[in-house]
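S.K.: Okay, here's the structure, questions in a sec.
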Amino acid sequence: MNNNDSHNAPGDEVKYRPGIIESKWQKKWADTSLYRTEDEVEGKENRYHLTMLPYPSGDLHVGHWFAMTPSDALARYFRMQGYNILFPMGFDAFGLPAENAALKGDTHPQTWTEQNIKKMRDQLRQMGAMFDWQREVNSSLPEYYKWTQWWFLQLFKNGLAERKKAPVNWCLDCETVLANEQVINGTCERCESTVEQRELEQWFFRITDYAEELLDNGELDWPEPVKIMQRNWIGKSIGADVSFRMETNNPSDDSEIRVFTTRPDTLYGATFMVLAPEHPLVSKITTQEQKNEVANYIEQTKLATEIERQSTDREKTGVFTGAYCVNRLNEEPIPIWISDYVLSTYGTGAIMAVPAHDQRDFEFAQKFNLQIKPVVQQLDVPELEIEEAYTGSGKLINSESFNGIDNIVAIEQITEYLAEKGWGEKKTQYRLRDWLISRQRYWGSPIPMIYCKACGIVPVPEENLPIELPFDVEFRPTGESPLNLSDDFVNTKCPECNEEARRETDTMDTFMCSSWYYIRYCDPNNETNAIDRDIANKWLPVDQYTGGSEHAVMHLLYARFFYKAARDMGLVPGDEPFTRYYSQGQILGPDGKRMSKSRGNVVPPDDQVTKWGADTFRAYLMFLGPWEQGGPYDIDGIVGISRWLNRVWNLVNNKSNLSNTENVETTEKLRYLNHNAIAKVTTDIENKQFNTAIATLMSLTNDLYTLRTNTTIDSTIWKETTDNLLLLLAPFCPHIAEELWEIVGNNYSIHQHSWPEYIESFTKEENIKIPMQINGKLREHILIPRNATETEVLELAKKLERWSEIVGSNEIIRIIYVPERLLNIVIKPVT
RNA sequence: GCCGGGAUGGCGGAAUAGGCAGACGCAGCAGACUUAAAAUCUGCCGAGAUAUAAUCUCGUGAGGGUUCGAGUCCCUCUCCCGGCACCA
């Protein structure tokens, strides 16, 4: 008998119509506030799940679905496990695209953003995710950025926000400065256009104060590659600061050059010095004869873009200053050069060059015919025969009293010696720079600072927040902050002396907004505080964060810094914002390339939802492959999920072949299938292996189908089985699970039901089939009782028909029985 | 250059802790149902040998090794993807 026949009998047809049931349940969930999260629920532990909030570009992308729906499934699973789950959503709504769109079209960034949010909110609702929309945040609303500004003031009061002059990255196209993290290969992270260095006074957050603590991320339950990326970005180096006396005819001149080196052991091999062209000493020390050449070189450097300057395969350039300093260890004179391969922003902006043991210095020395002096033994060859720098270890040579000492030991000894003499000291350097947060753009949160001629830099009093972003402003990028053009905005009174003063007109980097949004979700409507301390204790830190690893050294590092600063102000509990973080991969176009309009490989999620339904689309995205891996979206594969859900639908709706008489064998088989699936799906979800969880559910569906087609089943055990199937399905496909749950007569809502538990003994069958190998090669299968001993298994094996054929009279030299897994018989031919 | 991750059928992928390679799905092939198609259902679906089979051989990027047994562990190499890139 065919299930489908009876199901399709006239008058009995109930077809799976995703479009109808999905909107039905989305409405009911909203009407009954099913996903409304209270801060406290009796008997339930709070658990905070979070997926990165989107930028309101105006159109939800498959990438959003790929990132958010598995995250939703995970949150739903933990909800069913009995936790009180916070799973919020919002919009990272400040940023350049709004301005760019406004410049192209006849609209305002605010209008554009509002419209986009409205559209995207609807698109997000179609996912059927358990977002608590009452906690939505929008970082561009004054109710939100009031607190972004408030945080700025707290950082300022705690000495973590400062205005300083520094060489900064300037994007020529965006006409604004950028943080170091936002410059990729010398180009702007957003618009990919050229970035150049400018010396400007800007607002910085002192993230470097937390370098050491940020580096210490080993205990975090985060993907190892992301932690490594952060550690590399912070870039800790231990070495020494060493000072070299300037050689001068004037005995009262005690000026010196300080360098940072990780190789104090090679100090005797320093044969020249190199200063960054921007180094302040350059103008002081350059001799009359070299003045022109040096000035020309500095001019050239300024003209070079960051891409040109940072290119490693470019030949080294530089000029001699004419000046010398003295290596205090041996009183030898050392010529001082300048070159752009030395960065003014790292260390002291000057280096001692040891060409024998540093490849960059080696290349420079070769180009300009400078002395190469080996000081580590392995390189004890005539100077002309040296082909590259030796960076390995060895005993010191040419180093006077340090000769013969292992260079690793010499690092310590020479550093100590320098310290004793007052010529240097041990030093730790970080590659990480302070976080530059000023932006010369309109669509961002104004920086709440005031410049007063008399009082200097004065923070806006907290009670005057928010400093609202004026709507009516000419925001065309001119390289000058648009807010500067608004007299109403700029002109103000000094909060201290009440005299005429000017407001800061730069806005904040939008990464500032996203550094604390997860804090605001906990208490989104609080008008007197950024977050209530009691509520913070209830939810923070985030238990499970998910999102793309492209944010590894930007958002994720900034947020960690921010949270630690907030902790030190006593405002949030714990040391880290995100206890667990998991990065999903990237979904690609069907052609395996990044989806983009220009490539024409974009798969619009709305179309997929219309065609297949949200549940099918969700499950397909989770089924494609490992979540962390991402990969191409195969437009044809989704039909498999659609077929599966239809089978589930028919399986549960079908009333045929059910009876009231129990068949013990069938019941046992059903229990086994059922509990096995519960066990597998449970561990898979916990490990975020959604693809295999869904494969398990498919297998279960197939097995139930087969059993149902071939046997008559007791209706009680059948309902128990299908109920469990629906519960296991609920996190992945919340709508169909809810609909079928209702159809079989269960109470609303399946999503308030607890996750099924499996019974260990049911997950195993009495008799199992194990492979039997001869010399490690598969020869037969044998059916054995699960707890059989080796002897019993061997007896069963000997009863096999093929025993004499495959073993015969050969000598058995070893028997390996792995309980419940395999039997391997090692034989040797009798000669 | 440095630091990560990876390579398994026609395709996406699966495989506790070293134990039946290819679960699950797509595509494909054959059949059932149908006037027909779609949908659905059933079966097959890594390569090769043999008479269909039973069975055997080969097979997880390449080469070597450890082991009764290797996709999994060790060594060497190739290619692909991601990050950083003159950080002294």
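Sequential numbering from 6 applies to the first sequence in this note's numbering. No residue lacks a Cβ here, since even glycine has one placed at the ideal position from N, Cα and C.
(1) Evaluate His54 with the Cβ neighbour count: other Cβ atoms within 10 Å of its Cβ, from every protein chain shown; 16 or more gives buried, anything less gives exposed.
(2) Using C-beta distances below 8 Å, list every residue in its chain close to Val46, excluding the 5 sequence neighbours before and after it, in chain order.
(3) Once you ignore the five residues that flank Met703 on each side, which residues in its own chain have a CB closer than 6 Å to its CB?
(4) When we look at the beta-carbon of Leu108 and count the other beta-carbons within 10 Å, is it buried (16 or more) or exposed?
(5) In the DSSP assignment, the alpha helix (DSSP H) including Phe494 goes from what residue to what residue?
(6) Grab me the residues of Arg250's own chain with a C-beta within less than 7 Å of its C-beta, minus the 5 sequence neighbours each way, in chain order.
(7) Do Thr726 and Asn679 have their CB atoms nearer than 7 Å?
(8) Asn715 to Ile722, Cα distance in whole Å?
(9) May I have the straight-line CA-CA distance separating Glu336 from Ala557, to the nearest angstrom?
(10) Does the Cβ of Ser603 have 16 or more other Cβ atoms within 10 Å, making it buried, or fewer, making it exposed?
(11) Just to confirm the assignment, what range does the beta strand (DSSP E) spanning Asn5 have?
(12) Cutting at 8 Å between CB atoms, please list the residues of its own chain near Asp10, excluding the five before and the five after it.
(13) Using only the alpha-carbon positions, how far apart do Met777 and Pro736 sit?
(14) I need the straight-line Cα distance from Gly48 to Pro451, nearest angstrom please.
(15) Can you name, in chain order, every residue of its own chain whose Cβ lies under 6 Å from the Cβ of Arg211, other than the five neighbours on each side?
(16) Fully enclosed by the region 220-251, which alpha helix (DSSP H) runs are 4 residues long or longer?
(17) Under the rule that 16 or more other beta-carbon atoms within 10 Å means buried, what is Thr291, buried or exposed?
(18) Below 6 Å CB to CB, which residues in the same chain sit around Thr584 once its five sequence neighbours on both sides are set aside?
(19) Quick check: what's the CA-CA separation for Tyr822 versus Pro761?
(20) With DSSP run on the structure shown, which of helix, strand or coil describes Val173?
(21) According to DSSP, is Asp10 part of a helix, a strand, or is it coil?
(22) Between the region 496-512 and the region 137-145, do three or more beta carbon pairs fall short of 8 Å?
(23) Should the region 227-245 be called in touch with the region 320-327, which here means at least 3 C-beta pairs below 8 Å?
(24) Alpha carbon to alpha carbon, how far is Thr271 from Ser316?
(25) Could you tell me the distance, in whole angstroms, from the CA atom of Pro834 to the CA atom of Lys769?
(26) Bridge partners for Gln434 per DSSP, in chain order?
(27) What runs of the alpha helix (DSSP H), each 4 residues or longer, lie entirely inside the region 429-516?
(28) Can you tell me where the beta strand (DSSP E) with Val831 in it begins and where it stops?
(29) With a cut-off of 8 Å on the beta carbons, I'd call Phe99 and Ser144 a contact; round off their distance for me.
(30) Count the other CB atoms, across all protein chains shown, that sit within 10 Å of the CB of Pro841; report buried if there are 16 or more and exposed otherwise.
(31) Expressed to the nearest angstrom, what Euclidean distance is found between the alpha-carbon atoms of Leu219 and Val686?
(32) Using the three-state DSSP reduction, which class does Gly630 fall into: helix, strand or coil?
(33) Which residue's Cα is closest to the Cα of Gln837: Gln293, Ser344 and Pro340?
(34) Going by beta carbon distance, what residues of the same chain come within less than 6 Å of His12, once the five residues before and after it are set aside?
(35) Should His113 go down as buried or exposed, given a rule of 16 or more other Cβ atoms within 10 Å for buried?
(36) Output the boundary residues of the beta strand (DSSP E) element that contains Ile209.
M.R.: Inspection of the coordinates gives the following:
(1) Taking the first residue of the first sequence as 1, we reach residue 54 at position 49. Classification for His54: buried.
(2) Locating residue 46 in the first sequence gives position 41, counting from the first residue. Same-chain partners within the cutoff: Asn89.
(3) Position 698 of the first sequence, counted from the start, is the residue given in the question as residue 703. These residues qualify, in order along the chain: Trp649.
(4) Taking the first residue of the first sequence as 1, we reach residue 108 at position 103. With fewer than 16 Cβ atoms within 10 Å of its Cβ, Leu108 is classed as exposed.
(5) By one-based count along the first sequence, residue 494 stands at place 489. Phe494 -> alpha helix (DSSP H) spans Asp492 to Val495.
(6) Numbered from 1 along the first sequence, position 245 holds the residue referred to as residue 250. Excluding residues within five positions, the ones whose Cβ falls inside 7 Å are Glu261, Cys330, Val331 and Arg333.
(7) What you label residue 726 is simply residue 721 of the first sequence in a count that begins at 1. What you label residue 679 is simply residue 674 of the first sequence in a count that begins at 1. Result yes, Cβ atoms of Thr726 and Asn679 sit closer than 7 Å.
(8) Indexing the first sequence from 1 puts residue 715 at position 710. Indexing the first sequence from 1 puts residue 722 at position 717. Cα-Cα distance, rounded: 16 Å.
(9) Within the first sequence, the letter at position 331 stands for residue 336. Within the first sequence, the letter at position 552 stands for residue 557. Each residue's alpha carbon lies about 47 Å from the other.
(10) Here residue 603 is taken as the residue at index 598 of the first sequence, counted from 1. Exposed.
(11) Residue 5 is absent from the model: the chain starts at 6 and stops at 836.
(12) Reading the first sequence from its first residue, position 5 is the one you call residue 10. Only weak support exists for where Asp10 lies, its pLDDT of 33 falling under 50; the value from the coordinates is given anyway. Here the set comprises nothing.
(13) Reading the first sequence from its first residue, position 772 is the one you call residue 777. Reading the first sequence from its first residue, position 731 is the one you call residue 736. Near 40 Å, if we compare the C-alpha coordinates of Pro736 and Met777.
(14) Indexing the first sequence from 1 puts residue 48 at position 43. Indexing the first sequence from 1 puts residue 451 at position 446. For Gly48 and Pro451, the distance between alpha carbons rounds to 44 Å.
(15) Counted from its first residue, the first sequence places residue 211 at position 206. For Arg211, where only same-chain residues beyond five positions count, the Cβ hits under 6 Å are Leu165 and Asp439.
(16) 229-239
(17) Residue numbering aside, residue 291 sits at position 286 when the first sequence is read from its first letter. It is buried - the Cβ of Thr291 has at least 16 other Cβ atoms within 10 Å.
(18) Along the first sequence, one-based indexing puts residue 584 at 579. Excluding residues within five positions, the ones whose Cβ falls inside 6 Å are Pro546 and Asp548.
(19) Here residue 822 refers to the residue found at position 817 of the first sequence. Here residue 761 refers to the residue found at position 756 of the first sequence. When rounded, the distance between both Cα atoms is 35 Å.
(20) Within the first sequence, residue 173 is the residue found at index 168, counting from 1. The answer is strand: DSSP assigns Val173 an E or B state.
(21) By 1-based counting over the first sequence, the position of residue 10 is 5. Any reading at Asp10 must be qualified, since the residue scores a pLDDT of 33, below 50, and its modelled position is unreliable; no value is offered.
(22) no
(23) no
(24) The residue given as residue 271 occupies position 266 in the first sequence. The residue given as residue 316 occupies position 311 in the first sequence. The straight-line gap from Cα to Cα measures roughly 27 Å.
(25) Here residue 834 is taken as the residue at index 829 of the first sequence, counted from 1. Here residue 769 is taken as the residue at index 764 of the first sequence, counted from 1. Between Pro834 and Lys769, the C-alpha separation is close to 38 Å.
(26) Here residue 434 corresponds to residue number 429 of the first sequence, with the count starting at 1. Answer is Ser242, bridged to Gln434.
(27) 492-495
(28) Position 826 of the first sequence holds residue 831. Start and end: Leu827 to Lys833.
(29) Reading the first sequence from its first residue, position 94 is the one you call residue 99. Reading the first sequence from its first residue, position 139 is the one you call residue 144. Yes, they are in contact, since the Cβ atoms of Phe99 and Ser144 sit about 6 Å apart, within 8 Å.
(30) With the chain covering 6 to 836 only, the question about residue 841 has no answer from this structure.
(31) The residue given as residue 219 occupies position 214 in the first sequence. The residue given as residue 686 occupies position 681 in the first sequence. Cα to Cα, Leu219 sits roughly 36 Å from Val686.
(32) Counting from one through the first sequence, the residue named residue 630 turns up at place 625. Looking at Gly630 - three-state DSSP - the assignment turns out to be coil, as it is neither helix nor strand.
(33) Outside the shown range of the chain, which is 6 to 836, sits residue 837, and nothing can be said about it.
(34) Numbered from its first residue, the first sequence carries residue 12 at position 7. Legend: pLDDT at His12 = 35, less than 50; position of this residue unreliable, value from coordinates given subsequently. Excluding positions up to five away in sequence, the list reads Asn655 and Asn659.
(35) Taking the first sequence and counting its residues from 1, one reaches residue 113 at position 108. Counting Cβ neighbours within 10 Å, His113 comes out buried, since at least 16 surround it.
(36) In the first sequence, counting from the first residue as 1, residue 209 sits at position 204. It should be pointed out that residue 209 corresponds to Phe in this sequence rather than to Ile. From DSSP, the beta strand (DSSP E) with Phe209 extends over Val200 to Phe210.
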